[in-house]
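Keeping their order, the protein sequence lines are chains V and B. Residues in the first sequence are numbered from 1 upward in steps of one, following my numbering. Residues in the second sequence are numbered from 1001 upward in steps of one, following my numbering.
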Amino acid sequence: MKVLVAMSGGVDSSVAAALLVAGGHEVTGVTMRLWGGESDTGCCSVSDVDDARRAAQQLGVDHLVFNFSDDFDDRVVAPYVRGHADGLTPNPCIECNRHLKFARLVERARLLGFDAVATGHHARIEPDPRGSLRVARGADAAKDQSYVVHMLCGADLSYVLFPIGGMTKDAVRAEAARLGLRTASKPDSQDVCFIARDGGRARFLGERLPFTPARVVDEAGGEVGRVEALELVTVGQRRGIGLAGGAPKRVVLRVDRASATVVVGDERALDRPTTTVRGVAWPHDADAAAVGSGREVLVQSSAHGAVHPAVLEHGRDDEVTVRWREPQRAVAPGQTTVFYDPANRFVVGGGISCATS
Amino acid sequence: MPTYLDHAATTPMRRSAIAAMLPFLDGCYANASGSHRFARTARKAVDEARDAVAAALGCQPGEVVFTGSGTEADNAAILGAVRRTGRTAVCPAAEHHAVLHCVEHVGGTVVGVDATGAVDVGALEEAVAALEPAVVSVMAVNNEVGTVSPMAEVAAAVRRAAPEALLHTDAVQAACWIDLPPMTALVDAVSLSAHKFGGPKGAGVLVLRDGRQVEPLVLGGGQERDRRSGTLNVAGIVATAVALAETVAEREDECRRVSALADRLARGLTAVDGVRETVPADRRVPGVVHVCVEGVESEALLFMLDAADVCASAASACSSGAMSPSHVLAAMGVPSDLARGALRLSLGHATTDDDVDRALDAVTGAVVRLRRGAAAP
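Below you can see the structure in the form of structure tokens.
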């Protein structure tokens, strides 16, 4: 099979490529050039391109660079900035997977005659008991990335490969070391790739958004503090909201842009019976059709977060209402919510939280 | 072949380095930044060369920037750091002109050296603390007299005085003689020149710990991660790596071998009346024997040596042809009448016992004849 492997320069995608080579496939590595600005790798993440190219050289496979930075700016960075302006908590990695890896790269690979696109995600694509291919959780529960690749659906499920999804991270590193890959001991990437640690999110957004100073008030409306930037505050947040130490533990309950206020209060006040999700990607038509059937799902609302049982109901327009079995803490608007089957193994849908009621 | 004792000016290319570059001159001529498989072959060679250079220096491959010369590497570090921060530069007075002229160009401060040419660390610390410069540049080994700088002391003083300053070292004369990784570990930037260790001319290396600390000097296609634009000199880069790796592998044995030759040369020279070694052997690298010959002028001495087919120099070779008094000897406080008789004999990987014998014959003969001529009416 002719496989195009997305190589980020990290250990996971290097080993993914190595496994495909070992499996006898005709492998080509590709690194997507996405971000042109400052980042932790010194200059425009070229060091990661270098690492990917060197790993490809070691494996004896061709390595290409595709420059998708235009789409990255338009579909990942700009919405991330706009989202913060609109009081949302966006997940740019998911938008990158949705629009870059599993859209533009897959499209390019099909055009060039590749039979498959592979990535180094810790997730699997497997048939469910009815024989339908689905994204499934990776073998390493702590590293599982099915949440960030949940949007794969339809024909893409049979075009995309996750070669290391059945391995633990330790096994991946051991394999990289065995093969002598230079990426073997490279640390995991943790943060948003286009934001430099030096300065972080606040500086990145501060250079792109006018910040709104806001009053921090309790539920009765009494001012208890101030923040410099409403745009950096997230529902559920505890720290960095200007509250004096020693006071009773309070979290952000609401961010009201119109009145430039952040409402804080007891965490229990965030409990909600439902959350609303829009833009849901359904792996198969039958998944969409099952909404309102009362079928129970497990719902995960943050990367590596816990799952909670719920049923899915029709909301307004194409929105889906997640009705929790037990009330759950409100999901910050903009955050991704993914539905899994009751065995907590297969993805059955996922979208973006837009409001809580 | 002449008796070549001018290795500090340039050293003959190593056979292995010549062999390594040929396939990229005659065959794989592709631009290493291209996107076809022909280019990928060239790129792989550059990648592997970068690994080899990094291993020799004890740094990360991503910290290695290939330049067009050691001089360019010095300029890139010093002018680049000054342009990034708008602050000034500091260096000792005995630096190579590639450093000294950059520092003077930006209106920087030059501090004194001791009688061996080594920087006065106290004066350096004082100047650095007062100025908080963008960059401090201190050569690892002096190119004229061979003095080894106390880099650990220099680094400690600079870090104390201005932790934010970029500490650069021109290690062009150090590559053959000094254990490079411990030296590299002390500093933020290092310059090397390939033709000083058996590589080709027109190839240099700049190690930059953090590329963001300097503005690039050469703008263009963004090669070398935007730190130095210009189509990669694949053949030169490959040969640089081969020559450096071989130099490092042979260094300990070569230091021992060349030390013995240099000691014999120095003993023979100083046995002549009125010939003094400028820097004692324990303060200099094995490859440089620098003497001052009383009552003889360098230009005349070099003329005689040239006629005897001995290649030597008076100061650094850059200004050869019209020799100016050495700024290094002046900074060291060598009296100017003595400095006029400066002679540098520099040894390297190609130097043999015979070279030392012939040089001793030629120098002693020339000194005797010149003195006799000067004494004659």
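Glycine included, each C-beta is placed from N, C-alpha and C at the ideal position.
Provide the residue(s) that pair with residue i in DSSP beta bridges, ordered along the chain.
i, result
"V/ASN67", "V/ARG33"
"B/SER1346", "B/ASP1006, B/VAL1288"
"V/HIS308", "V/VAL299"
"V/ALA6", "V/VAL30"
"B/PRO1092", "B/VAL1111"
"B/HIS1168", "B/SER1137, B/ALA1189"
"V/VAL49", "None; V/VAL49 has no bridge partner."
"V/HIS314", "V/VAL320"
"B/LEU1208", "B/ALA1189"
"B/SER1313", "B/ARG1344"
"B/ALA1308", "B/ALA1308 pairs with nothing; no bridge assigned."
"B/PHE1066", "B/VAL1205"
DSSP three-state label for residue i, please.
i, result
"B/LYS1201", "coil"
"V/ASP115", "coil"
"V/TYR340", "strand"
"V/GLN300", "strand"
"V/VAL106", "helix"
"B/PHE1303", "helix"
"V/LEU20", "helix"
"V/VAL234", "As written in the sequence, residue 234 of chain V is Thr, which differs from the Val given in the question. Here V/THR234 sits in coil by DSSP."
"B/ASP1361", "helix"
"V/PHE346", "strand"
"B/ARG1014", "coil"
"V/CYS93", "helix"
"V/ASP40", "Any reading at V/ASP40 must be qualified, since the residue scores a pLDDT of 49, below 50, and its modelled position is unreliable; no value is offered."
"V/ILE195", "coil"
"B/PHE1038", "helix"
"B/VAL1368", "helix"
"B/ALA1081", "helix"
"B/SER1320", "In this prediction, B/SER1320 has a pLDDT of 47, which is less than 50 and means its spatial position is unreliable; nothing more can be read from the coordinates."
"V/ASP274", "Looking at the sequence provided, one finds Thr at residue 274 of chain V rather than Asp. Correct three-state label for V/THR274: strand."
"B/GLN1213", "helix"
"V/ARG215", "strand"
"V/GLN58", "helix"
"V/SER293", "coil"
"B/ASP1253", "helix"
"V/ARG254", "strand"
Looking at residue i: is its Cβ nearer than 7 Å to the Cβ of residue j?
i, j, result
"B/LEU1206", "B/ALA1056", "no"
"B/THR1147", "B/ARG1283", "yes"
"B/VAL1291", "B/LEU1265", "no"
"B/VAL1099", "B/SER1137", "yes"
"V/ALA109", "V/LEU161", "no"
"B/LEU1345", "B/ALA1312", "yes"
"B/GLU1072", "B/ARG1209", "no"
"B/ALA1185", "B/ALA1194", "no"
"V/GLY165", "V/ARG215", "no"
"B/VAL1258", "B/LEU1192", "no"
"B/ARG1087", "B/ALA1162", "no"
"B/ALA1215", "B/ARG1084", "According to the sequence as given, residue 1215 of chain B is Glu; it is not Ala. Yes, the pair counts as a contact, with Cβ atoms nearer than the cut-off."
In chain order, what residues of the same chain have a beta carbon less than 6 Å from the beta carbon of residue i, not counting five sequence neighbours either side?
i, result
"V/GLY315", "THR276, THR321"
"V/ASP128", "ARG134, PHE346"
"V/ALA31", "Strictly speaking, residue 31 of chain V in this sequence is Thr, with Ala absent from that position. Taken in chain order, the residues that qualify are MET7, VAL49, ALA52, VAL65."
"V/GLY292", "GLU313, HIS314"
"B/ALA1235", "MET1021, PHE1024, LEU1025"
"V/ARG257", "GLY87"
"B/VAL1141", "VAL1148, GLN1173, ALA1174, VAL1285"
"B/ALA1017", "GLY1198, GLY1199, ALA1239, VAL1242, ALA1243"
With a CB to CB cut of under 8 Å and the five nearest residues on each side skipped, what residues in its chain are close to residue i?
i, result
"B/VAL1121", "PRO1150, GLU1153, VAL1154, ALA1157"
"V/THR168", "ALA139, ASP140, LYS143"
Looking only at its own chain, which residues have a Cβ that is under 7 Å from the Cβ of residue i, when we skip the five neighbours before and after it?
i, result
"V/LEU59", "ALA17, ALA18, VAL21"
"V/TYR359", "Any property of residue 359 of chain V remains undetermined from this structure, which presents chain V solely from 1 to 357."
"V/GLN237", "VAL251, VAL252"
"V/VAL148", "CYS93, ILE94, ASN97, ALA303"
"V/HIS84", "LEU205, LEU209, GLU231"
"B/VAL1296", "GLY1341, VAL1367, LEU1370, ARG1371"
The region 46-57 of chain V: positions lying closer than 8 Å to chain B by Cβ: VAL46, SER47, ASP50, ARG53, ARG54, GLN57
Members of the region 63-87 of chain V that neighbour chain B once the beta carbon cut-off is set at 9 Å: HIS63, LEU64, VAL65
Interfacial residues, the region 1042-1057 of chain B to chain V, with Cβ spacing under 9 Å: ARG1043, LYS1044, ASP1047, GLU1048, ARG1050, ASP1051
Interfacial residues, the region 1061-1078 of chain B to chain V, with Cβ spacing under 8 Å: PRO1061, GLY1062
Interface positions of the region 1273-1289 of chain B facing chain V (Cβ-Cβ less than 7 Å), listed along the chain: none
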